[in-house]
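These protein sequence lines map, in sequence, to chains A and B.
Mapping the first sequence onto my numbering, position 83 (from 1) lands on 83, and the numbers just tick up by one.
So the mapping is simple: my numbering equals the position in the second sequence, first residue as 1, plus 269.
Protein chains: 2
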Amino acid sequence: MLVNGQLNDSISALDRGLAYGDGVFRTLSVKRGVPFNWQRHYLKLRHDCEALQITCPSAELLLSELQSLCTQQQDSVAKIIITRGIGQRGYAPSAGQVATRILSVSLATQFNPEFYSSGISAHVCRLKLGHQPLLAGIKHLNRLENVLAASECAELDTPEGLIEDEDGLVISGTRSNLFWLSDSTLYTPDLKQCGVAGVQRDRVIDWANEQDMPCKIVSIRMPQLLDADEIFLVNSVIGLWPIRKLPGYNRTIHPVSWQIQKWLNDENH
Amino acid sequence: MLVNGQLNDSISALDRGLAYGDGVFRTLSVKRGVPFNWQRHYLKLRHDCEALQITCPSAELLLSELQSLCTQQQDSVAKIIITRGIGQRGYAPSAGQVATRILSVSLATQFNPEFYSSGISAHVCRLKLGHQPLLAGIKHLNRLENVLAASECAELDTPEGLIEDEDGLVISGTRSNLFWLSDSTLYTPDLKQCGVAGVQRDRVIDWANEQDMPCKIVSIRMPQLLDADEIFLVNSVIGLWPIRKLPGYNRTIHPVSWQIQKWLNDENH
């Protein structure tokens with residue numbers, strides 16, 4: 001791990017990232033030592049920092065630090081946390097705070113190959129996401145809702161779960177973005193009130209554009225979702241998992257999902 | 270500072286308190302070296318830990334560690350953070366995680382004495398609190414909403430601000446609980462959907478019980494609040510600040526607020 005460029009596995013206990021979750025993060029795949037889709041991840045990181053008025057370190061600095069951690073040519077997962085920095089008591093940030101950057105690399109998790117080929121059986125979480133338009137879309141460090149939703153999945157030993165918002169709209173997985181296909185149109189939920197807008201979500205939208213397939217950002221409730229031809233979840237670490245089973249939904253064939261899955265694995269996209 | 274009982278000002282960069290805000294905290298006054306209302310604060314801390322299924326350290330351990338930090342007989346402010354502990358990547362907690370405890374003591378802030386005698390002019394925040402019944406009332410580490418609201422107050426140089434929720438109900442201050450008096454009845458907002466239930470809020474309710482004054486937990490919107498006879502904000506560090514001015518509200522006399530203010534300062538209550 002590198003903390004502010006130094007080999008270190010600790011941070012100040014006065015960091016606002018700990019005190020208030022006052023920071024943002026990204027998790028990305030490293031393939032044969034090279035961060036995958038680096039440019040996209042950096043742009044998201046900078047966007048999220050700007051939304052919280054945190055000064056984002058430069059792309060060059062972060063990439064060079066990341067590369068110094070990725071000397072092994074193994075597939076791994078990198079995580080970048082940027083916090084607002086060390087602060088005194090009190091919610092309001094002080095002027096001129098220096099952001100803390102924390103970079104770590106760990107071995108890639110090996111997921112069950114059937115999650116990719118046959119798809120997953122997904123839980124529908126009891127937890128409902130609250131609305132906060134000022135923070136929606138941002139991958140910030142306030143993630144207790146995800147912790148609670150992921151705990152539900154872990155208890156049931158399901159690999160992922162779908163989360164609805166307080167109005168009953170389906171928003172995402174616990175750590176992934178949601179898409180579905182109906183009548184040759186791709187759909188993904190609107191994230192203006194809650195949820196995280198991931199890099200992989202943007203890439204799927206790019207895939208649709210490349211194919212001249214319409215991709216619409218909409219609101220959907222569970223009963224409508226169950227009418228979809230295909231449903232899948234994406235994120236930068238898992239790639240794409242088709243959904244095989246939900247209460248009231250059963251699909252064994254996922255032709256479009258498999259096509260997108262393959263496309264996402266290509267480093268040129 | 271003490272981290273897990275050791276003199277230390279750093280924590281693991283893999284702590285879930287940093288990664289996800291997966292933990293709780295309390296801030297309390299220390300008067301002449303003695304933590305004020307310790308028993309109440311500990312019960313809240315334990316309640317909040319239980320709500321997140323974090324194992325709370327014993328009251329004896331925390332109090333003895335706190336006392337070892339409070340050797341100076343000065344008035345100070347203590348902060349206790351309990352996180353779920355160190356974790357690997359992934360939102361779901363692992364079994365058997367050992368909580369991290371972080372105790373710190375800092376000099377008490379000296380507030381403007383007029384905030385107590387004449388009251389404060391309060392900002393009405395643009396930020397609206399989202400609803401999350403599973404986390405409402407808990408003083409957890411996901412505090413970005415408070416950071417954004419407090420930033421608004423800091424920009425305007427106002428000592429506190431009122432926050433409404435997404436439905437337009439007035440919930441609290443940015444770091445304090447709200448009360449108002451109308452026709453000899455005390456009122457405070459319902460916190461079932463959002464907000465933090467502080468120790469000082471419980472003490473004000475106890476005061477009302479002692480006086481046989483009704484204290485009702487209700488929902489209120491800003492226009493109704495402006496009709497109140499008195500409005501005040503409380504927390505464990507500031508004590509009680511009457512509200513002197515809000516857009517559409519102006520009061521120079523706060524007789525009941527002053528009475529409660531005095532009562533709260535008494536260590537026997």
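Note that the Cβ used here is the ideal one computed from N, Cα and C, for glycine as well.
The structure presented is a predicted model; accordingly, all values stated were derived computationally and were not measured.
Below 9 Å on C-beta distance, what does residue i contact in chain B?
i, result
"A:Asp-190", "Those within 9 Å of A:Asp-190 in chain B number zero; the least Cβ separation is about 16 Å."
"A:Ser-151", "Gln-322, Tyr-360, Ala-361 and Pro-362"
"A:Leu-66", "By Cβ distance, chain B contributes nothing, its closest Cβ being about 15 Å from A:Leu-66, past 9 Å."
Since residue i contacts residue j with CB under 8 Å, what's their CB separation in whole angstroms?
i, j, result
"A:Trp-207", "A:Ile-260", "5 Å"
"A:Asn-177", "A:Gln-200", "6 Å"
"A:Cys-215", "A:Ile-205", "5 Å"
"A:Leu-2", "A:Leu-103", "5 Å"
"A:Val-280", "A:Ser-76", "Missing from the structure shown is residue 280 of chain A; chain A here goes from 1 to 269 and no further."
"A:Arg-84", "A:Asn-4", "The pair is not a contact, with the Cβ atoms about 13 Å apart (cut-off 8 Å)."
"A:Leu-181", "A:Val-256", "5 Å"
"B:Ala-377", "B:Ile-351", "Actually they do not touch by this definition, with Cβ atoms about 23 Å apart."
"A:Ala-92", "B:Cys-422", "7 Å"
"A:Glu-166", "A:Leu-129", "7 Å"
Tell me the DSSP secondary structure of residue i in three-state form.
i, result
"A:Lys-192", "coil"
"B:Lys-313", "helix"
"B:Lys-531", "helix"
"B:Asn-415", "helix"
"B:Arg-470", "helix"
"A:Arg-296", "Examination of residue 296 of chain A is not possible in this model, given that chain A is present from 1 through 269 alone."
"A:Asn-177", "strand"
"B:Phe-294", "strand"
"B:Gln-336", "helix"
"A:Gly-17", "helix"
"B:Phe-305", "coil"
"A:Ser-151", "helix"
"A:Glu-60", "helix"
"B:Pro-511", "strand"
"B:Asn-519", "strand"
"B:Glu-319", "helix"
"B:Glu-536", "coil"
"B:Leu-425", "helix"
"B:Gln-384", "The sequence shown places Phe at residue 384 of chain B, not Gln. Helix."
"B:Ser-375", "strand"
Can you tell me the Cα-Cα spacing of residue i and residue j, whole angstroms?
i, j, result
"A:Phe-232", "A:Thr-27", "20 Å"
"B:Leu-403", "A:Lys-139", "21 Å"
"B:His-400", "A:Arg-143", "15 Å"
"A:Pro-57", "A:Gly-198", "20 Å"
"A:Leu-127", "B:Thr-324", "22 Å"
"A:Leu-148", "B:Asn-519", "43 Å"
"A:Ser-121", "A:Ser-94", "47 Å"
"A:Ala-59", "A:Thr-71", "19 Å"
"A:Ala-228", "A:Leu-246", "12 Å"
"B:Leu-455", "A:Glu-155", "44 Å"
"B:Ile-489", "B:Pro-458", "7 Å"
"B:Glu-536", "B:Leu-330", "22 Å"
"A:Trp-241", "B:Leu-332", "49 Å"
"B:Gly-388", "B:Ile-522", "9 Å"
"A:Cys-49", "A:Ile-86", "16 Å"
"B:Arg-301", "B:Gln-343", "5 Å"
"B:Phe-294", "A:Asp-202", "37 Å"
"A:Leu-52", "A:Gln-67", "27 Å"
"B:Ala-419", "B:Glu-429", "8 Å"
"A:Asn-146", "A:Leu-169", "16 Å"
"B:Thr-427", "B:His-392", "7 Å"
"B:Tyr-385", "B:Arg-309", "24 Å"
"B:Lys-313", "B:Gly-292", "13 Å"
"A:Gln-6", "A:Pro-223", "51 Å"
Mind pulling the chain A residues with CB within less than 7 Å of residue i?
i, result
"B:Gly-290", "Gly-21, Leu-141, Asn-142, Arg-143 and Leu-144"
"B:Ile-432", "Within chain A, no residue comes near B:Ile-432; the closest Cβ sits about 11 Å away, beyond 7 Å."
Which residues in chain A have a C-beta closer than 8 Å to the C-beta of residue i? List them in chain order.
i, result
"B:His-400", "Gly-130, His-131 and Glu-166"
"B:Val-346", "Arg-89"
"B:Ala-328", "Simply none; closest approach about 22 Å."
Show which residues of chain A have a CB atom less than 9 Å away from the CB atom of residue i.
i, result
"B:Ala-282", "Met-1, Val-3, Asn-8, Asp-9, Ser-10, Ile-11, Ile-81, Ile-102 and Ser-104"
"B:Arg-490", "Here the premise fails: no neighbours, minimum Cβ distance about 18 Å."
"B:Leu-332", "Chain A residues near B:Leu-332: none, gap ~20 Å exceeds 9 Å."
"B:Leu-396", "Gln-132 and Leu-134"
"B:Val-416", "Arg-16, Tyr-20, Gly-21, Asp-22, Leu-52, Arg-84, Tyr-91, Ala-92 and Pro-93"
Give the residues of chain B in contact with residue i, contact being defined as C-beta atoms less than 8 Å apart.
i, result
"A:Gly-17", "Leu-287"
"A:Ala-197", "Simply none; closest approach about 16 Å."
Check the Cβ of residue i against every Cβ in chain B and list those closer than 7 Å, keeping chain order.
i, result
"A:Thr-174", "Tyr-360"
"A:Ala-154", "Ala-361"
(message) With three or more beta-carbon pairs closer than 8 Å as the criterion, would you say the stretch 5–15 of chain A touches the stretch 279–296 of chain B?
(response) Inter-segment contact for the stretch 5–15 of chain A and the stretch 279–296 of chain B is present: three or more beta-carbon pairs are separated by less than 8 Å.
(request) Determine contact between the stretch 102–122 of chain A and the stretch 373–391 of chain B, defined as no fewer than three beta-carbon pairs at a distance below 8 Å. (result) With a cut-off of 8 Å, the stretch 373–391 of chain B and the stretch 102–122 of chain A do not count as touching, because too few Cβ pairs lie within range.
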